[in-house]
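Asker:
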Amino acid sequence: MAFSHPISIASILLPILLLLASLFQPSHGFSLHGRGMPDDNSTRRLFGSRAGQRLNCGDLAVLSQCSQNSKCSWCRSEVLDDMCFSRTEAWRLPPEVFSCG
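Taking mature numbering (1 follows the signal peptide of the UniProt record, and there is no 0), I'd label the letters of the sequence shown as residues -29 to -1, 1 to 72.
(1) Would you identify the three-state DSSP class for S(-22), choosing helix, strand or coil?
(2) I want to know whether the stretch 26 to 45 touches the stretch 54 to 62 - three or more CB-CB distances under 8 Å.
(3) Where does L3 fall in DSSP's three states?
(4) On the three-state DSSP scale, how would you describe P66?
(5) Please name the residue, chosen from Q39, Q36, C55, that lies closest to W45 on a Cα-to-Cα basis.
(6) With DSSP collapsed to three states, give me the class of R47.
(7) Kindly indicate which three-state DSSP category S38 falls into: helix, strand or coil?
(8) Assuming S48 contacts F69 under a Cβ cut-off of 8 Å, what Cβ separation, rounded to an integer in Å, is found between them?
(9) Using three-state DSSP, classify A22 as helix, strand or coil.
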């Protein structure tokens, strides 16, 4: 018989199953299904990340704010709303739709 010692097989399989189960448990304090990271940038502030300080020209909704930043360009459109884009994005916009300055 191939399975003459069922206790020895169980004693081998049980630790392996426990090890595999522990690998799939989150060890970082949150899971994808439960409560996640806070949205208030507190973790970025804690570690001093510069990613939270990165300017997003699209968040600037007023011409005066957009034109004050040298990395942004205000683009006008007769078809769509006037918007602020980064200089790189503004350069790629179709001139038939947007006029950037």
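Cβ coordinates follow ideal geometry from the N, Cα and C atoms, glycine included.
The structure presented is a predicted model; accordingly, all values stated were derived computationally and were not measured.
Answerer: On the basis of the coordinates in this document:
(1) As a working mapping, residue -22 is identified with position 8 in the sequence shown. Reduced to three states, the DSSP call for S(-22) is helix.
(2) yes
(3) The residue you call residue 3 lines up with position 32 of the sequence shown. The predicted position of L3 is uncertain, since its pLDDT is 48 and thus under 50; a value taken from the coordinates is nonetheless stated next. Looking at L3 - three-state DSSP - the assignment turns out to be coil, as it is neither helix nor strand.
(4) The residue you call residue 66 lines up with position 95 of the sequence shown. If DSSP states are grouped into helix, strand and coil, P66 belongs with coil.
(5) Residue 45 sits at position 74 when you count from the first residue of the sequence shown. Looking at the Cα atoms, C55 is the closest of the given residues.
(6) Translated into the one-based positions of the sequence shown, residue 47 becomes position 76. Strand at R47.
(7) Here residue 38 corresponds to residue number 67 of the sequence shown, with the count starting at 1. Three-state result, S38: helix.
(8) Against the sequence shown, residue 48 aligns to sequence position 77. Against the sequence shown, residue 69 aligns to sequence position 98. With a Cβ gap of about 5 Å, S48 and F69 count as contacting.
(9) Position 51 of the sequence shown holds residue 22. Caution is warranted here: a pLDDT of 49 is assigned to A22, below 50, making its placement in the model unreliable, and no coordinate value can be reported.
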